[in-house]
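Enquirer:
Number of protein chains: 2
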Amino acid sequence: MNRWLYTFGCAPDSGAPVDRIPDHKAAAALLGGKGAGLVEMARLGIPVPPGFTLTTEVCRHRLEHGADPAGLADELRAAVAAVGAATGTTFGDAARPLLVSVRSGAPVSMPGMMDTVLNLGLNPTTVAGLAARTGDARFAWDCYRRFLTMYAEVVLGVGAGDDDHDEGVFERLLTDRKYAARVQKDSDLDAAQLEALCADYHQAIRAATGAPFPDDVWAQLDGAIAAVFRSWDNPRADAYRRMHGISAAMGTGVTVQAMVFGNLGDTSATGVAFTRDPASGEKALYGEFLVNAQGEDVVAGVRTPLPIAAMAQDFPEAFAGLNEVCARLEGHHKDMQDLEFTVQDRKLWMLQSRAGKRTGKAMVKIAVDQVHEGLIDRATAILRIEPGKLDELLHPTLDAAHRPPALTKGLPASPGAAIGTLVFSAPEADAAAAKGEHVLLCRTETSPEDIVGMKAAVGILTARGGMTSHAAVVARGMGKPCITGATGLRVEAARGQLTVLGKGGAPDQVFKRGDVLTIDGSTGEVFAGRAPLAPAALSPELEELMAWVDTTRTLKIRTNADTATDARTARKFGAEGIGLCRTEHMFFATDRILAVREMIVASDVAGRKAALAKILPMQQADFTEIFAAMDGLPVTIRLLDPPLHEFLPHTAAEIAGVAADLGTTPEVIAAKVGALTESNPMLGHRGCRLAITFPEIYETQAIAIARAAIAAQRAGARVLPEIMIPLVMVPGELARLRAEVAAVVDRELAAAGATIPYTIGTMIELPRACLVADQIAAHADFFSFGTNDLTQTTLGLSRDDVASFLPTYLETDLVPADPFASLDTAGVGQLVAMGVERGRRTKPGLKIGVCGEHGGDPASILAFHRYGLDYVSCSPFRVPIARVAAARAALAGDRS
Amino acid sequence: MNRWLYTFGCAPDSGAPVDRIPDHKAAAALLGGKGAGLVEMARLGIPVPPGFTLTTEVCRHRLEHGADPAGLADELRAAVAAVGAATGTTFGDAARPLLVSVRSGAPVSMPGMMDTVLNLGLNPTTVAGLAARTGDARFAWDCYRRFLTMYAEVVLGVGAGDDDHDEGVFERLLTDRKYAARVQKDSDLDAAQLEALCADYHQAIRAATGAPFPDDVWAQLDGAIAAVFRSWDNPRADAYRRMHGISAAMGTGVTVQAMVFGNLGDTSATGVAFTRDPASGEKALYGEFLVNAQGEDVVAGVRTPLPIAAMAQDFPEAFAGLNEVCARLEGHHKDMQDLEFTVQDRKLWMLQSRAGKRTGKAMVKIAVDQVHEGLIDRATAILRIEPGKLDELLHPTLDAAHRPPALTKGLPASPGAAIGTLVFSAPEADAAAAKGEHVLLCRTETSPEDIVGMKAAVGILTARGGMTSHAAVVARGMGKPCITGATGLRVEAARGQLTVLGKGGAPDQVFKRGDVLTIDGSTGEVFAGRAPLAPAALSPELEELMAWVDTTRTLKIRTNADTATDARTARKFGAEGIGLCRTEHMFFATDRILAVREMIVASDVAGRKAALAKILPMQQADFTEIFAAMDGLPVTIRLLDPPLHEFLPHTAAEIAGVAADLGTTPEVIAAKVGALTESNPMLGHRGCRLAITFPEIYETQAIAIARAAIAAQRAGARVLPEIMIPLVMVPGELARLRAEVAAVVDRELAAAGATIPYTIGTMIELPRACLVADQIAAHADFFSFGTNDLTQTTLGLSRDDVASFLPTYLETDLVPADPFASLDTAGVGQLVAMGVERGRRTKPGLKIGVCGEHGGDPASILAFHRYGLDYVSCSPFRVPIARVAAARAALAGDRS
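The following block contains the structure:
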């Protein structure tokens, strides 16, 4: 029989025995991260308030059938009773009422994305009981007020502020009461005033919903559970899942847990802690707490909390307990943990333990440190690295030698430098980023609704909130520089204005929407204008990790580089060769485009040859420099690929200019442009088709390559040219062009008396090439998959034209990811696997790689490893990422 | 040991024993059609002059190695000696010289495409011997003159006229001699004058080549054999092979045979005969002969010969022999034969027997008649049908009821009506046809160089030549209407003028280049201007054949039809349903395009719905009519497929017009056109992608289909709608759109209280769809392969853009055929097979068809049959062709 909930901290027969769940992973899948963490803490003897977790299976059942599974209601009653028994309370009891929290918890952490209800179980009867029992009527009414607000917002959809964070109805009523009482702070309201406020709330809820607020505690519980389950599908959770590639099918768990109160006076507190610094990775307890507060106050960032170390003084026993809990949990989970706790009357209760989100920098440092501490092995360390997050470490930082004076300083919530124009709302950020602008999102505080804007921004700056506020946690997860709690700033979103406050809080300097600022998330400093940057350097931990990575991976990593500068950068980042040198990019240089255009407008072979003769020495010089830069490493040069008309001018003015340059009439150029214009250039006269009709083009390029190789060799470099023929559709193309190119190269080498080993291969970038790869392999020394074009043709999807519909496909889950960013393994991947298998059927040792965007994408690299490729090639800055991804792929292969 | 030649009619030990060759097919492959025919006639005891055939292996050896195989020279000497022994002559002997012909003969007949040398073995010595032996010095010198001409042209490349048929040097020298002798005809020159002419020829040859004409008969033989082998690769043979899909790799045989002379006076003759009428298929000896002539005179069409029946009077014994030979050969080959013969001194010699080329009409009638005669079975009859040639029978003929008076009458060389503008040369015909013009090629006579022009023309008209002249044979092979021997016409190519001669040969009426004429190849009549046509009707033989075909084939044949008219035509031709009804073609109608454009420029859903509401009743009316026309047969309707911008105007004037129509500014329309313009529309926002973003489009179409089905059903038709969703890339598209469309249709049916069985399927036209066909099948009631788009994507080849390079690919044999005309079985075919296999893995009974151009191509239909498809769909006029192709595929499947 299926059990729909699991209890912890109370009698085991009230729910399914958690011992049956094999491991943490299974527990997280079944109970969500929060539920699994609580269950495990309870088993470790760590103090957690009793409670139970409704499984993700309940969520999936609800998603599928729109109703709870049969039997859940009975289990729920029994579990609530067990929690009551464990805490000496009864749900709905007038004297000793059980109050519970109802929280979401997905298998993969989605901080702040779903809803929570606290203090559930209060009504006019139980609130009196709570007051009597705690001897604190003010506390009881404050709890009730908070409960009414949360329940109304989450379950009834009443009173939440709109997207622009206007204050909601409850906030307004609270302000009214404070005004009437002539007090400033919420905590200045007394019990009677709070009771009156609760009456206001009841009235407002009734007005909005047409029904009284439910006093029945079981109705409250059902309503809250249903609402939290529903919140799995809210728009911001959807957006978050899409951004992080989380399946919408897994569902969330819901944990119902006895309340403990951090707001029971000055002997109570609530806080958030990390077992290590999630920004820097330093091994030190990191976190914040608020005295006399409930947990949501910390995360919401409304009040700026105290640093965790201050607990040593105020709550010495609880602090010692927290340190001990941290040690036990790290020892158990062998990873940095993100903890929520409450101190109620000086007693420590743990509310959550989960693997903590961290910056790329912390991710690397923690993994490497934990290896040195003997906590994990190297393979585990490598599997802890999210390759994409390394990106953060490879971007420029503020130049320490030229640091301007800071405007102000906030909390260093997420490290890295960001330069952007100021925007003040998420929609603004999104719109500007869509136009290619770099924006800094500046908010008083952030809320989950801001997630899209944070994604669009290059950095985030908030005036309020701590190191564990929403903005901080999300920014670290995204690897974006972030400063929180910059209390020296006043943010006025409506006016589009940011004011730097001087001494005594007086306005000092004002920045407007569109002004440029620089933030340093590593120090918390904010600078006016563009501060100077320095290139990224690999940290010692990253260097060490990379050494482990390189002994683990089997895939070679090459780079896509069209210039010697790119080649050198990539080599510094560990590239083991050039996998794609596009010769056409060289054609666009202003000193060459004229010759290229001459070639194109030439009406015969002689004319083309004359123009090509001008291009030859330029190409040769480029190749010589690249060969020198890649001394000892292979360089794959792709012969001309794009349709010729790409090199021609298109507007009337451009056409006139070119005509003047070439000494002909605009009509001649316009006619040529017209003749070369194609309906679908992607599928037109390009790639090796150009060389089938105009053999002199590849002939010239082959001469340039051969002469460059000879020159570089004479200058002392070891040269390993690999000549790549693009867009092969039928084996005969490659057979013919290979023979022509080889004849030219051999002739040049013989004339120079040089011996240079070179190979000739092809790009596999059409479905047909994959299908007949066995025949193509007969003429190829190597294959390089061009998965960009292979994706375009396999999916019938022009990369330049997807903007009008691909977003809809992504939003409505028709495709799991942009197929140009991450390989479509279900479709294109089949063709790649087929091409590899068939190619090697003809030539068992055939060298096979991939060039193009997918070569730098970790998910795609895992697939390429599985297909048995020899190397991937990616842009220079992605090389370290690819190295790690390749190592993870090797480990996944070994372990799967 | 390999034998390089096979003898016939002489001692068997002089060549390889022909008995070792298993059957006619193997004989033709090894010896070519001519060689195999002679060998077989010799074995049947039919009189053939002794000779031998060099095998196609020799040709292939020469193509590969550029030289004769070792051992051939010895075999050649022995075989020549044997031929001499059999004829009582000796090669090069002064007294009894052996003269031979050297002729080509490919495994597949290529009439007139390669070269021939007659009378070889003559030199100043042997010509005297020939004169002495025949007692006819004039004959001997005439033979020598002919030999010199042919040898010089074929072997030495001297003296042939240029492409425009200027007379060559030998013709000019002949004319000079006739002028000097004051005679008109060649035959009026006496022996001495011919001897002098031969001296002129020797001088001309020496002047052109710098060397004397070879007197050594062995050198003559080697030269002639080499030249005939070489002619396998001449441009016109290449062109012919490409046109008929003949492999260039098979090579030709060369037959060397003792000469017999049809020019030995009035008791000699030469002729060509068919065992049945190759134009009509009637069972009657058909052919022509020329008294006192050599064979080339008949084929070249220089003299207009006598009908074969006239032989009964002039050569009664030979005629009786010929009739007897015909009967034996048809009994042996069980097919209509094309024969060449010579009568020398009243004795009949057969020079060639091969399957005769025939018109489509004759092809059908002969096959059906031979079944009735018990000569062949029905399967053999079906396999005799070249499906493509049926095309000739399906085009309009002259309307018998409205026949205008004829200008003149020639020989009905190839049946059918053709209307075209006059052109007078092959290049002219080719150029005009390339521009889409219908042209009639008008020549005094045609020669092999005209082949390209004949292909380009819709009909051929010659003033000279008989029913078996080059023009007649080639036109019948191509299925083009042709009139030869229209002696009432004078053709002046240089003046671009055709003169109709009146009584007494006086010019009567003149037509110029560009004037339109009509020819009736079935009667030989020529008409001025456009004569009225009547639609084609199936002949009784074709009806009978089609009945056999329909019981043989397993593939169903549907049609592509967008209108009720097309649907009715196709149904008349045997279509078993509509496989593709393109809804967008209806959108272009002038009364609708405005509403379509309104839909496109609409900026929101409401605007689109308003415009779609106008389109709805029009689509509904169309569908109703189509459903009625296809009563009881399935109708597959494809929902909107093309990119929307196709419906928008593009020039400034068009844009202004549309703006006025829609009551908006040209700027608005221009902006919309700009926004919708795509880099690669083929891979852009089209197909079901339109419905993913704008669901209201398919919704409207679904309503139109449902209401039309209800209306047609109420009017008494049995309606079987199949709704087809195009361009599915991921299974989710089909799942979603299927649900949306089904919901609409079900709602409409329910509202009308109607029950109509309908299905929803998809086009499989992207490589990815083939790869995940198993998942797509879960949501599909049927698949229809869209092999046009599947070819474009699989090959990365835009159909609209191939003109700049595909011709090079075809000319240089990189691809065997235009992949848009005939399915690329090696590439695209693999994906089709995969899609079928995977689709049926999910749904074993899944109905699968193909729509698009390949559905009417016989070679592709064979492939589709092998892949296990249920039906093909093609244009209405291709339906009978597809039916026959499907039957042939079924027989090939059974027999292979």
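First to last, the protein sequences are chains A and B. Residue numbering for the first sequence follows our numbering, starting at 218 and increasing by one per position. Residue numbering for the second sequence follows our numbering, starting at 218 and increasing by one per position. Even for Gly, the Cβ is constructed at its ideal location relative to N, Cα and C. Computed from a prediction, not measured in an experiment: that's the story for all the values here.
Only counting the same chain, and skipping five residues up and downstream in sequence, which positions put a Cβ closer than 6 Å to that of R601 of chain B?
Expert: If we look at R601 of chain B and ignore the five residues flanking it on each side, its Cβ neighbours are A584.
Enquirer: Compute the distance between the beta-carbons of G226 of chain A and A253 of chain A, then report whether it is under 8 Å.
Expert: Not closer than 8 Å, so no.
Enquirer: Mind listing the chain B neighbours of G1052 of chain A? Cutoff is C-beta to C-beta under 9 Å, in chain order.
Expert: Going along chain B, no residue has its Cβ under 9 Å from G1052 of chain A, so there is no contact; the nearest lies around 12 Å.
Enquirer: Counting C-beta neighbours from all protein chains within 10 Å, is the total for Q1009 of chain B 16 or more, i.e. buried, or is it exposed?
Expert: When all chains shown are included, Q1009 of chain B counts as buried.
Enquirer: Y223 of chain A by DSSP, collapsed to three states: which one?
Expert: In this structure, Y223 of chain A counts as strand in the three-state DSSP scheme.
Enquirer: So the beta strand (DSSP E) S642 of chain B belongs to, where does it begin and stop?
Expert: Looking at the DSSP string, S642 of chain B is not in any beta strand (DSSP E), and its letter there is neither H nor E.
Enquirer: Using C-beta distances below 7 Å, list every residue in its chain close to S448 of chain B, excluding the 5 sequence neighbours before and after it, in chain order.
Expert: Cβ within range, chain order: S321, M331, D332, A454.
Enquirer: Compare the C-alpha of T1116 of chain B against each of B:A919, B:C699, B:L1007, B:V669 and name the closest.
Expert: In the structure as shown, chain B starts at 218 and stops at 1113, and residue 1116 of chain B therefore has no counterpart that could be examined.
Enquirer: With a threshold of 8 Å between beta carbons, is M946 of chain B in contact with chain A?
Expert: Interface residue, yes.
Enquirer: Residues in the region 352 to 379 of chain A with C-beta within 7 Å of chain E's C-beta atoms, listed in sequence order?
Expert: The structure shown contains no chain E; the protein chains it does contain are A and B.
Enquirer: Using DSSP's beta-bridge definition, name the partner residues of W566 of chain A.
Expert: Per DSSP, A:T559.
Enquirer: Could you tell me how far apart the beta carbons of A475 of chain B and P621 of chain B are, in whole angstroms, since I believe they sit closer than 8 Å?
Expert: Contact flag wrong, Cβ pair sits at about 53 Å.
Enquirer: Does any CB atom of chain B fall closer than 8 Å to the CB of E895 of chain A?
Expert: Chain B contact via Cβ: present.
Enquirer: Provide the residue span of the beta strand (DSSP E) that contains M980 of chain B, from first to last.
Expert: Start and end: 976 to 981.
Enquirer: Considering only residues of the region 383 to 448 of chain A, which uninterrupted alpha helix (DSSP H) runs meet the minimum length of 4 residues and lie entirely inside it, listed in chain order?
Expert: Entirely contained in the region 383 to 448 of chain A, the alpha helix (DSSP H) runs reaching 4 residues are, in chain order, 386 to 398, 408 to 426, 434 to 448.
Enquirer: Which term fits P834 of chain B, buried or exposed, when burial requires 16 or more other beta carbons within 10 angstroms of its beta carbon?
Expert: With fewer than 16 other Cβ atoms within 10 Å, it is exposed.
Enquirer: Check each candidate in B:L315, B:R924, B:F911 and name the one with the smallest Cα separation from D821 of chain B.
Expert: It is B:F911.
Enquirer: From the DSSP output, in three-state form, read off T1010 of chain B for me.
Expert: Here T1010 of chain B sits in helix by DSSP.
Enquirer: Could one say the Cβ of A1034 of chain B lies closer than 8 Å to chain A's Cβ atoms, at least one of them?
Expert: Cβ-Cβ to chain A under 8 Å: no for A1034 of chain B.
Enquirer: Counting only beta-carbon atoms, is R906 of chain A nearer than 8 Å to chain B?
Expert: Yes, R906 of chain A counts as interfacial toward chain B.
Enquirer: Rounded to a whole number of angstroms, what is the C-alpha to C-alpha distance between V542 of chain A and I263 of chain A?
Expert: Those two C-alpha atoms are separated by around 7 Å.
Enquirer: Based on the DSSP output, what are the partners of V317 of chain A in its beta bridges?
Expert: Note: V317 of chain A sits in a beta bridge opposite A:L337, A:A475.
Enquirer: Nearest-angstrom Cα distance between D586 of chain A and E662 of chain A?
Expert: If I take the Cα positions, the gap works out to 33 Å.
Enquirer: Kindly list, in the order they appear in chain A, the residues whose Cβ is closer than 7 Å to that of R1114 of chain B.
Expert: With chain B running from 218 to 1113 in the structure shown, residue 1114 of chain B is simply not present.
Enquirer: Excluding the five sequence neighbours on either side, which residues of its own chain have a C-beta within less than 6 Å of the C-beta of A908 of chain A, listed in chain order?
Expert: Closer than 6 Å at Cβ, skipping near neighbours: I914, Y915, L954.
Enquirer: According to DSSP, is R571 of chain B helix, strand or coil?
Expert: R571 of chain B falls in the strand class under three-state DSSP.
Enquirer: With DSSP collapsed to three states, give me the class of R931 of chain A.
Expert: R931 of chain A: helix per DSSP, three-state reduction.
Enquirer: May I ask you to list, following chain order, the residues of the region 924 to 956 of chain B that have a beta carbon less than 7 Å from some beta carbon of chain A?
Expert: Residues L944, M946, V947, G949, E950.
Enquirer: Using beta carbons (cut-off 8 Å, strictly below), is V203 of chain B in contact with chain A?
Expert: No statement about residue 203 of chain B is possible, as the shown extent of chain B runs from 218 to 1113 and does not include it.
Enquirer: For G694 of chain A and K574 of chain A, what's the separation of their Cα atoms in angstroms?
Expert: Distance between the alpha carbons of G694 of chain A and K574 of chain A is about 6 Å.
Enquirer: Counting only the same chain and skipping the five closest in sequence on each side, list residues whose C-beta sits under 7 Å from that of S1090 of chain A.
Expert: For S1090 of chain A, where only same-chain residues beyond five positions count, the Cβ hits under 7 Å are R775, T776, N777, G796, L797, G1066, V1067, C1068, G1072.
Enquirer: With DSSP as the reference, label Q530 of chain B as helix, strand or coil.
Expert: Reduced to three states, the DSSP call for Q530 of chain B is helix.
Enquirer: Helix, strand or coil, according to DSSP, for I263 of chain A in the structure here?
Expert: Correct three-state label for I263 of chain A: coil.
Enquirer: Quick check on T492 of chain A - is its C-beta less than 8 Å from some C-beta in chain B?
Expert: Answer no: the Cβ-Cβ gap between T492 of chain A and chain B never drops below 8 Å.
Enquirer: Measuring CB to CB, does T224 of chain A end up less than 8 Å from A284 of chain A?
Expert: Cβ atoms of T224 of chain A and A284 of chain A: not closer than 8 Å.
Enquirer: What span of residues does the beta strand (DSSP E) with M941 of chain B cover, start to end?
Expert: Segment 937 to 942, the beta strand (DSSP E) holding M941 of chain B.
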